[in-house]
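Trainee: First the structure, then my questions, so here it is.
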Amino acid sequence: MSLETIIDLHIKNGAPGDMNYTGKDFSSDQDVRWCPGCGDYTILKQVQTAMPEIGVKKEDIVFISGIGCAARFPYYMDTFGMHSIHGRAAAIATGLKISRPELSIWVISGDGDSLSIGGNHFLHLLRRNVNVNYLLFNNQVYGLTKGQYSPTAPSGSVSKSTPYGSIDHAVNPLSFALGADGSFVARAMDRDPKHLNQMILRANSHRGTSMLEIYQNCIVFNDGAFERFTDKKTRPVEAVYLEQGEPLIFGEKNEKGIRLDGLVPKVVSMKNGEFSKDDLWIHDEKDKTKAYMLSRFFDQPEPGDENRMPRPFGVLFAEERFCYDEEVNRQIAGVVERKGVGNLDELLRGRETWIVK
Amino acid sequence: MSLETIIDLHIKNGAPGDMNYTGKDFSSDQDVRWCPGCGDYTILKQVQTAMPEIGVKKEDIVFISGIGCAARFPYYMDTFGMHSIHGRAAAIATGLKISRPELSIWVISGDGDSLSIGGNHFLHLLRRNVNVNYLLFNNQVYGLTKGQYSPTAPSGSVSKSTPYGSIDHAVNPLSFALGADGSFVARAMDRDPKHLNQMILRANSHRGTSMLEIYQNCIVFNDGAFERFTDKKTRPVEAVYLEQGEPLIFGEKNEKGIRLDGLVPKVVSMKNGEFSKDDLWIHDEKDKTKAYMLSRFFDQPEPGDENRMPRPFGVLFAEERFCYDEEVNRQIAGVVERKGVGNLDELLRGRETWIVK
Amino acid sequence: MQVKDQVRDDVTIRFAGDSGDGMQLTGSLFTNTTALQGNDIRTLPEFPAEIRAPIGTVPGVSSFQLHFGSKEIMTPGDECDVLVVMNSAALKANLSLLRKGGIIIANTSGFDKKNLNLAKYGEDNNPLENGSLSDYIVIEVDVTRLTKESLSDSGLSYKDIERSKNMFVLGLLYWMYNRPLDSTISFLNQKFTKKPEIAQGNIKVLKDGYHYGETTEVFAETYTVKKAQIGAGEYRSITGNEATVLGLVAAARQGNIPLFFGSYPITPASDILHELSALKNFGVTTFQAEDEIAAVSSAIGAAFGGSLGVTSSSGPGIALKAEAVGLAVMLELPLVILNIQRAGPSTGMPTKTEQSDLLQAMYGRNGESPVVIIAPATPGDCFDAAFEASRIAIEHMIPVYFLSDGYLANGSEPWKFPQQKGLKKVNVRFEPARNGEDNPFLPYARDERLVRSWAIPGTPGIEHRVGGLEKEAETGNVSYDPDNHQLMTNLRKERVDKIADSIPLQQVDSGKDHGDAVLVGWGSTYGSIRTAVRELMVEGYSVSHVHIKYLNPFPKNLGEILNNFDQVIVPEMNSGQLVKLLRDTFFVPAKGINKVKGRPFFVDELKQEVKTILSEKV
Amino acid sequence: MQVKDQVRDDVTIRFAGDSGDGMQLTGSLFTNTTALQGNDIRTLPEFPAEIRAPIGTVPGVSSFQLHFGSKEIMTPGDECDVLVVMNSAALKANLSLLRKGGIIIANTSGFDKKNLNLAKYGEDNNPLENGSLSDYIVIEVDVTRLTKESLSDSGLSYKDIERSKNMFVLGLLYWMYNRPLDSTISFLNQKFTKKPEIAQGNIKVLKDGYHYGETTEVFAETYTVKKAQIGAGEYRSITGNEATVLGLVAAARQGNIPLFFGSYPITPASDILHELSALKNFGVTTFQAEDEIAAVSSAIGAAFGGSLGVTSSSGPGIALKAEAVGLAVMLELPLVILNIQRAGPSTGMPTKTEQSDLLQAMYGRNGESPVVIIAPATPGDCFDAAFEASRIAIEHMIPVYFLSDGYLANGSEPWKFPQQKGLKKVNVRFEPARNGEDNPFLPYARDERLVRSWAIPGTPGIEHRVGGLEKEAETGNVSYDPDNHQLMTNLRKERVDKIADSIPLQQVDSGKDHGDAVLVGWGSTYGSIRTAVRELMVEGYSVSHVHIKYLNPFPKNLGEILNNFDQVIVPEMNSGQLVKLLRDTFFVPAKGINKVKGRPFFVDELKQEVKTILSEKV
Ligand SMILES: Cc1ncc(C[n+]2csc(CCOP(=O)(O)OP(=O)(O)O)c2C)c(N)n1
Ligand SMILES: Cc1ncc(C[n+]2csc(CCOP(=O)(O)OP(=O)(O)O)c2C)c(N)n1
Ligand code: SF4
Ligand code: SF4
Ligand SMILES: [Mg+2]
Ligand SMILES: [Mg+2]
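Protein chains in written order, with this note's numbering: chain L, 1 to 357; chain P, 1001 to 1357; chain S, 2001 to 2618; chain F, 3001 to 3618.
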């Protein structure tokens, strides 16, 4: 008793693709058309590099994007792809994933696409926990439309549409994702390709919506927005890498740490022997309260101040939870199990009929 | 040097309204058409009761709603009002507030209106901190369309559109609001009118977006959804009222409290003398981490279990922060100050001209 | 007194009462019994806009009209012959719909002071007493009291007793129209299997209502409506929304593909979501999305994956889908957009009917983005139209608008349901896998019908990318080439036009294929126009009726047909939309008859308007 | 060699190079100098779709075409006379736009192996060498090397030197066309006040380019284009988007109300947001919303509060606003929707032009929801059209669509700018405060133009509620009454129609008021149609040109005018939209000439098509 359709038959009939992929196998025949030097290139590279490792056949992978510079991504992947409309990739991916749960689906979206026009679908994707990977290319600007400030741009941003500086309070994408009950919330950056690669693989292996924010430099309209994290000189004091079960350590010589004083995170120094590793905040990606606190490590106080909080990179939060797509299909299977595959003629007859002679 | 328009002149010319209002003055001539017994009635009553206390002239008050049962609210208020379209009240209110910052604006919205179709505007209203009061009538169902489950409905909800039970993971409105950087996040219920009234007044006095979730009983399609909080018998164990600077105490005889064990909130009893008030979590509405933890006090463990977390009512979070509408107008005033009121003829001429004879 | 039995060709009854009075159920039960008796029948439920307006008020009135007969019945009737009113508000709201000389059956307890006040008659102004109803036959029955008496020994609660008073009315009407009680009795037994005492109570009241007619002397006449001459076969009763659901499910089945339904609730489309959500064992997945944009987008996503993507809405919700439908036009994927039209603009009058979204379906997107448009004519025809919409969407890889409306959605008719074996096959042609073929896969290569292939993820060797940017012919790559854009624009139009090759030619529904005037309709006006035309023909007018189901593309012979008439008259429940398309396409000086009142045409008003137009001409 | 100077009536030059080559600036500077010389001029910039496609590739080519003359110039020219190409990709992308016999000025360093490969010519296939350009006059100049030499002693960085090579070309062209350098020099000095060494470098290169022309022998001719006969007065150069901004600001000023602009960026509309955001001291508030729905909604909110609400977008963004525009129709508030059309459907070709959203503006909402539609004809006319759109929105309390397009938006023309004192007043009539008057305030009471009053919050005694549900006439209360719905539907239509009383009558733009054929256009096709018609008239054809600015309602006399011609021909950059409205409204068998290539009509192709139609007739 099943509901086998010609999709199933069709798919089964295809000879399976060769699985000895290299990154190059995922590069399509289309010329890549981002601005030279754009951070999108490294991200593309890392995604292509990660693909052979996820163990999925090429034909079972789909990249879906909205509109924006980032959203051109699918064209460059030699997989199935859809470059859809602005802000709606999450909704399209939801429909595809529910109806084809076996596919590996990757949503590619910019900060405007995800958090401006697409905020609603993004919220609902996250809370439903549809099992897709969501890569949010955050460059704090609208690239494709040539440089207006975006919802993640810090207030005061001078842009084409804010000649006197923006007065919007920026969206914090990770706080938002946690508030929306996202089950996997992580951050990476274009300029640390190794870490980015790890994060892509972690996102892939997480069951549920894996939301990975990637700081991406827009060299043309917002160059240097993340320089303090990507520049090897400032990175040690400005960034902290999260490792499950490990203390929060950073600094040029790993001499700094973060400690919880009650509910207040504080930067401490391990130089003068007052504090050691054992006193520090141990990262626990299952702790939602901690994750929420981490998501708010944002540019305070000013650079240079020794209490300045570093920006966390890595997996802030990960929890196992039902996935919407799995549950939908489980529910359907359950009904089929109980009631059998529906009989169309019975359905057409309905409950009550009469005969006219 | 100013930009006085005929709006200013027009408004100044009007004789000010009489300010000795009673609640009745806010009742319009329209018949109230909710189902008999609907929780919306009490909320209407409390809003009307609160109005005379806010010290604003009737003609300066505007109620804006989307679509839904709740959204009929403006018709019943003898103020200015707009019953707009589904999910867009926040955006409409933003436009009105920016352009008329002196008005007292109230957005009335249902759980579907706010968190389903309207999620994006709600997010952006909250993060921009537009100075409006947002009353979210949460009945965990789509009332007006006759009983489909809503995004706040607990999973498993059997409704017209989910005959086999819903499988959506519910949106947590207050976590969402905090994730969206809302500056005022509070909860009340229809069946505790006194507290509701206080909350309405608190919301009004907060500068910025005041988001007040109100549990509202839909007697027809979701009767009893909040009964454990509203029923005088179960309320003492199921609800905890938050008071700034006060410990989190609840229970039939106020014998229970909540204590922070590291980052983990625990229910403790003060009966056997092990814990006293001094050991408890002291409510601090300025602490965002605590607020976030409070927002997640949700039905765990099962009722009856003595560690069951009560649902918090009151102001979970309140912070002072720039309001978008004020800043917009401050920025405009600044430019006018610096540049003077623009000269249209100069603007029309532009920078470079030539004369043809 | 001897009760006379009269034979009637057709009768229209309207049940009206408070929302809580069970008028919809009463109407449905009468409908079922009547259909089982072999009459032809059409119904029109009317709901209040409020969920439950305060009891006893005019806004809270709910009503159900049914029209049955021994002749062909195509409308729920213009004015009614019998008006049942459970309270004074019901009378106030509905009196204008009763013909002069008609019968009012009034529940007198609904005319007490309280009710009179609530209905805004005023407590001293009882219409049953003040002589204002002298044009009608008024039959007063104290239904409330009689029901209570009937159940005084039953042990049922006050509430349960109150709730069964509609059964008294139903029994009474059954007696009046010589209907048997058995089907209603078995319905009640089934509905209340778990509460047999309630079943028994209801049945008792039903019978007492029947006997009340028999024994009291308030009625002078009973009526017999003989069996109608309807085609032999097995029938069921069906509403438009139900039939729509069946049409979709059947088409997906006939193509052996899954049906993915993404929707967001809205009146009067929600029932489609409700019904489909119960059909999980029919290859149906329903997704209640966060809004209409997500609803249509999810359907597009599913269509990309090989499902029939369907979305439904009404009014403002349809407007919101426009952008995504444009994407589907570019992607060339099977998508059905069900628009259960309601009265507009904006929020309009959600519970009322209208057919004012035709031009929106045709033109309501940015750029040149042609789609297919199909409209059902009757509740049962929703099955065929939904089936056809799905078939065309799948076989032609194209978005199809299905334009039903509130009147069809909730109205019902006897339906000679089809059997699966009689249904068309729906041909799905998935692009096959490739194993290292040399020639590259061309996602936008087309067959002779200009249809591209359905190349779904999971198929090795045909990985490709689609999107909303203009695509290069054949390769589907992004292209800004001017000539390519012209070519693709033309192709998108031509592939719609080509569908005309495979749809049925237009038939003349009633009347000759030439004459003084043809009434051209579409959608739910079918019954009214058909009846009007047939009556006009009997009166000697040279008129015909053409009803268009395929609105884009039009059937190939439509222009030819129209040219055979001196006048083209287009009745529509809008301010003139099809009429514009006809004028533009066929250069005919078509004239509109337009009604925008949230209500279907009355046959009489239609006939009057046609006569006026015909006389103007002379 | 003696250089001859030739007099030319008009010349079309196209500058093309990599996005980084500064072609837009070069074009603009040439334009300014030329305008200052008294020529009539039109320009057409073309941007690559990518922000910065890889250097040297065809997708990365940016170009700027300008057409100037001593006669009336109404288009940027069909084919160009001179094509400047900074690299081989620029040649590849633009060669088809050069007339046979035209001049190619090629920067030879852009034709090295690397560039030839990038342009996909292949490194051994240099078009400058392989004889493929034998139909043209090719002038090779090693601009890159010459610039470097020119600045070898300047101390400027490599990058700065590279960046000034466009000045060499500009200088060369100035010499060719006998233009003075002074305005460009003063521009450079101003632009680089803070970096005088760069200003000096650029000026040197400019002059060296000029002298290169003078001293080398590569050029056989120079050209003189005399002053044009354009109306006396003071002019500035203006693009369509700039003029739109000015029109809005001026209208709000003339009404003395604030302008609230809610928008979400999209090509090619974004510049309007950019420009307006800098005008904070003109009573302008700009709000970059989270999406198009919020953008239009915020504008509606502001309009409720007494501001002129304006929103702008293009393509898919306009589709998204449909639902909210329907609300504004119901609310009867002043709202202007700027649609800077681009090539569709869906995302389409965002950087290309089209006029395919007319029917969407007319019909793209649920229900019967008529709006006003106005379209500018030229960049400068965007001022008048935006002013009129705003004036009508305010004075008639109604949403108005303003349909510009990418071609108008970015194209420029000399504009005889108006003075404030010559502008119309815009009459704002706010409902006055009430002090306990007996008669209740009726928010939907109307004046003789069927306009309701603007009743803004803050006004004592007129508190009231509005909304998207059908409203009762006068009171504005929610109403489901059938007759009221008909009445309101009619009123909403009539109040649009009544606007025809106050707009100018339609003029015949060129030609007689009767004849064989009239070309009826709207929007940005103005220049091409006007030029074509004038040329056809000279050739002896009996044709005229009518250009419609007010598309809904049409001017009252339009039908009359059309009836005076045997043929009505409607050229449009779409598949036929205005033509449908004309056929439907006036029953004329209008014919379309349609081009959907993302590019304006060429005068010659238009003339050809008209001739074909006229000959068919005979
Ligand atoms: C409905 C719609 N609105 C607006 C646009 C214009 N638009 C395209 S991309 C974009 C924003 C891009 O920003 P982001 O998502 O951050 O991507 P980025 O270009 O920075 O990678 C906008 C506003 C559009 N294509 N469609
Ligand atoms: C664009 C649009 N989509 C859908 C609807 C139908 N609709 C009206 S109200 C509503 C949901 C109401 O739920 P909620 O906001 O929770 O309000 P409640 O009725 O429960 O107070 C829906 C789906 C609509 N009017 N407009
Ligand atoms: S504009 Fe910015 S984000 Fe877009 S491609 Fe260029 S550098 Fe990258
Ligand atoms: S349906 Fe529910 S929410 Fe709506 S009015 Fe009735 S009780 Fe209230
Ligand atoms: Mg971005
Ligand atoms: Mg609700």
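Using N, Cα and C, we set each Cβ at its ideal position, and we do this for glycine too.
1. Find out if the Cβ-Cβ distance for the pair VAL158 of chain L, SER150 of chain L is shorter than 8 Å.
2. Going by the DSSP bridge assignment, what does TRP1034 of chain P pair with across the sheet?
3. Please work out which residues of its chain come closer than 8 Å, Cβ to Cβ, to MET1001 of chain P, disregarding the five sequence neighbours upstream and downstream, and give them in chain order.
4. Mind pulling the chain S residues with CB within less than 7 Å of GLN1030 of chain P?
5. Could you tell me if SER2132 of chain S is buried or exposed, where buried requires 16 or more neighbouring beta carbons within 10 angstroms of its beta carbon?
6. At a Cβ threshold of 8 Å, is GLY2027 of chain S touching chain L?
7. Can you give me the C-alpha to C-alpha distance between THR2108 of chain S and ALA2093 of chain S, rounded to a whole angstrom?
8. Report all residues from its chain with a CB closer than 8 Å to the CB of ILE3456 of chain F; omit the five preceding and five following residues, and keep chain order.
9. Counting only Cβ-Cβ distances shorter than 7 Å, please list the residues of the region 1306-1339 of chain P near chain F, keeping chain order.
10. Just mark SER3505 of chain F as buried or exposed, buried being the case when its beta carbon has 16 or more other beta carbons within 10 Å.
11. Nearest to VAL2371 of chain S by alpha carbon, out of S:ARG2052, S:ASP2291, S:LYS2498?
12. What is the DSSP secondary structure of PHE137 of chain L, reduced to helix, strand or coil?
13. Mind listing which residues have their beta carbon within less than 5 Å of any non-hydrogen atom of ligand 4? Chain order is fine.
14. Looking at the C-beta of ASN1138 of chain P, does it have a partner C-beta in chain L at a distance below 8 Å?
15. Reducing DSSP to helix, strand and coil, say where MET1001 of chain P ends up.
16. Using 8 Å as the Cβ pair cut-off and three pairs as the minimum, do the region 1283-1298 of chain P and the region 1237-1255 of chain P touch?
17. Mind the definition here: the region 3306-3319 of chain F touches the region 2351-2368 of chain S only if three or more C-beta pairs lie below 8 Å; say whether that holds.
18. Could you check what DSSP says for ASN1131 of chain P in three-state terms: helix, strand or coil?
19. Should THR2193 of chain S be labelled buried (16 or more other beta-carbon atoms within 10 Å of its own) or exposed?
20. Determine the DSSP secondary structure at TRP2175 of chain S, reduced to helix, strand or coil.
21. So within the region 1194-1273 of chain P, which uninterrupted beta strand (DSSP E) runs reach at least 3 residues, ignoring any that extend past its ends?
22. On the criterion of 16 or more Cβ atoms from any shown chain inside 10 Å, does SER109 of chain L qualify as buried, or is it exposed?
23. Which class does GLY1110 of chain P belong to by DSSP, given the choice of helix, strand or coil?
24. Which residues of the region 3592-3608 of chain F have a Cβ closer than 8 Å to any Cβ of chain S? Give them in chain order.
25. Can you tell me the Cβ-Cβ gap for PHE2064 of chain S and ALA2251 of chain S, rounded? I've got them flagged as a contact below 8 Å.
26. Quick check on SER114 of chain L - is its C-beta less than 8 Å from some C-beta in chain F?
Mentor: The short version:
1. no
2. TRP1034 of chain P pairs with nothing; no bridge assigned.
3. The predicted model places MET1001 of chain P with a pLDDT of 42, which falls under 50 and marks its position as unreliable; any figure quoted below should be read in that light. Same-chain partners within the cutoff: VAL1336, GLU1337, GLY1340, VAL1341.
4. Correct list: empty, because the minimum Cβ distance to chain S is about 11 Å.
5. exposed
6. no
7. 16 Å
8. PHE3304, GLY3305, GLY3306, PHE3430, GLU3431
9. VAL1328, GLN1331, ILE1332, VAL1335, VAL1336, LYS1339
10. First, the amino acid is wrong: residue 3505 of chain F is Leu here, not Ser. Classification of LEU3505 of chain F: exposed, given that the 10 Å Cβ count is below 16.
11. S:LYS2498
12. strand
13. P:TRP1034, P:CYS1035, P:CYS1038, P:CYS1069, P:GLY1143, P:CYS1218, P:ILE1219, P:VAL1220, S:ILE2051
14. no
15. In this prediction, MET1001 of chain P scores a pLDDT of 42, lower than 50, which makes its location untrustworthy; the coordinate-derived value is nonetheless stated afterwards. Coil.
16. yes
17. yes
18. coil
19. exposed
20. helix
21. 1210-1215, 1239-1241, 1256-1261, 1264-1269
22. buried
23. strand
24. LYS3595, VAL3596, LYS3597, GLY3598, ARG3599
25. Their Cβ separation, rounded to whole angstroms, is 31 Å, which puts PHE2064 of chain S and ALA2251 of chain S out of contact at 8 Å.
26. no
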